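Number 233 in the numbering used here belongs to position 228 of the sequence shown; there are no gaps in the numbering.
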Amino acid sequence: MMMKPPPPSRGAGAETIVEHVIQSIREAVRQGELAQGERLVVADIAQRYGVSVGPVREAIRRLTGEGLLEFAPHRGASVRAYSERDVREIFQVREAIEGYAAKLAAENIHRADYAKRLEDCRKRLHATVHASVEELSKVRQQFHDLIYEFGGNAAIKEAAERLTFPVNRLVFNELTGRARASASLKEHDEVIDAILAGDAVRAERAMRSHLHNGAIAVCEALVASRTVTPPQKKKV
């Protein structure tokens with residue numbers, strides 16, 4: 006069962022409600038709560054997110070335009086299924102976008118409390134290396150969000166959020182979460198060291214290398230997930 010996010014506040018405008026639904030669906034896909042090929046029933050989504058069907062239809066239309074969902078006559082919208090080629094192409098774009106974000110972060114690291122916050126994030130990454138895979142994923146996302154913020158370019162984060170795809174997250178976590186944790190931690194350290202040193206070139210190179218290795222792991226997990234039965238989702 007999908008986790009139910011808090012509904013939009015009373016009096017929220019139509020556009021705000023649509024954005025709420027878009028972000029909620031994106032997160033459900035990212036976390037594997039909506040699996041590849043899973044059909045989205047408008048009435049069910051509206052009830053779950055506490056909105057009317059109008060904003061849900063608009064959110065689905067936009068997410069279909071982005072490529073996160075696909076639409077078929079007589080079946081409606083469903084979560085797009087991705088091939089290894091799709092994953093490689095998505096990560097190639099992420100390498101360019103997030104590599105540039107890391108470069109900007111290194112150039113801006115002297116501002117405000119950026120260095121301290123990045124060191125705090127490093128501590129969380131190290132503290133969770135043996136935690137649950139869900140917690141690992143959460144802290145890793147915080148790391149990337151911090152890089153987007155320090156880059157100072159809102160379009161980077163917006164573009165990165167669009168590059169969301171489902172890899173049957175429950176299975177992917179079981180297959181690669183632990184195995185990839187140590188290598189990923191070392192790569193995060195390399196990115197952080199470069200940013201803290203203000204070395205923009207090294208920061209960009211380290212981030213691109215990190216994402217390249219991530220793409221390999223995701224492709225391997227994607228292949229394996231087709232032959233492994235996912236663990237049962239817990240009811241919430």
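By construction, the Cβ of each residue, glycine as well, lies at the ideal position given by its N, Cα and C atoms. All values derive from a computational prediction rather than experimental measurement.
Using the Cα positions of residue i and residue j, report the straight-line distance between them to the nearest angstrom.
i, j, result
"Ala64", "Gln52", "14 Å"
"Gln147", "Arg80", "36 Å"
"Phe155", "Arg122", "10 Å"
"Gly219", "His131", "18 Å"
"His217", "Lys191", "14 Å"
"Ala40", "His149", "23 Å"
"Ser214", "Asp194", "12 Å"
"Glu38", "Gln28", "13 Å"
"Asn173", "Asp125", "In this predicted model, Asn173 has a pLDDT of only 47, less than 50, meaning its place in the structure is not dependable enough to derive any value."
"Asp49", "Arg145", "31 Å"
"Ala159", "Glu209", "18 Å"
Under 7 Å, do residue i and residue j count as touching if we go by C-beta distance?
i, j, result
"Ile221", "Leu168", "no"
"Val206", "Ala107", "no"
"Val47", "Val34", "no"
"Ser88", "Gly42", "no"
"Tyr54", "Val26", "yes"
"Ala111", "Gly203", "yes"
"Tyr153", "Lys162", "yes"
"Val134", "Ala188", "no"
"Glu75", "Arg85", "yes"
"Val92", "Cys224", "yes"
"Gly157", "Asn113", "yes"
Please classify residue i: is it buried, with 16 or more other beta-carbons within 10 angstroms of its beta-carbon, or exposed?
i, result
"Ala199", "buried"
"Arg66", "exposed"
"Glu20", "exposed"
"Arg44", "exposed"
"Val56", "buried"
"Val228", "exposed"
"Ala226", "buried"
Taking one C-beta from the region 66–81 and one from the region 116–128 each time, how about it: are there three or more such pairs within less than 8 Å?
Contact fails between the region 66–81 and the region 116–128, because fewer than three Cβ pairs, one in each stretch, are under 8 Å apart.
Does the region 124–142 come close enough to the region 99–116 that 3 or more CB-CB pairs lie under 8 Å?
No, they do not touch.
In chain order, what are the residue ranges of uninterrupted beta strand (DSSP E) at least 3 long that sit wholly in the region 65–153?
The qualifying runs are 74–77, 81–84.
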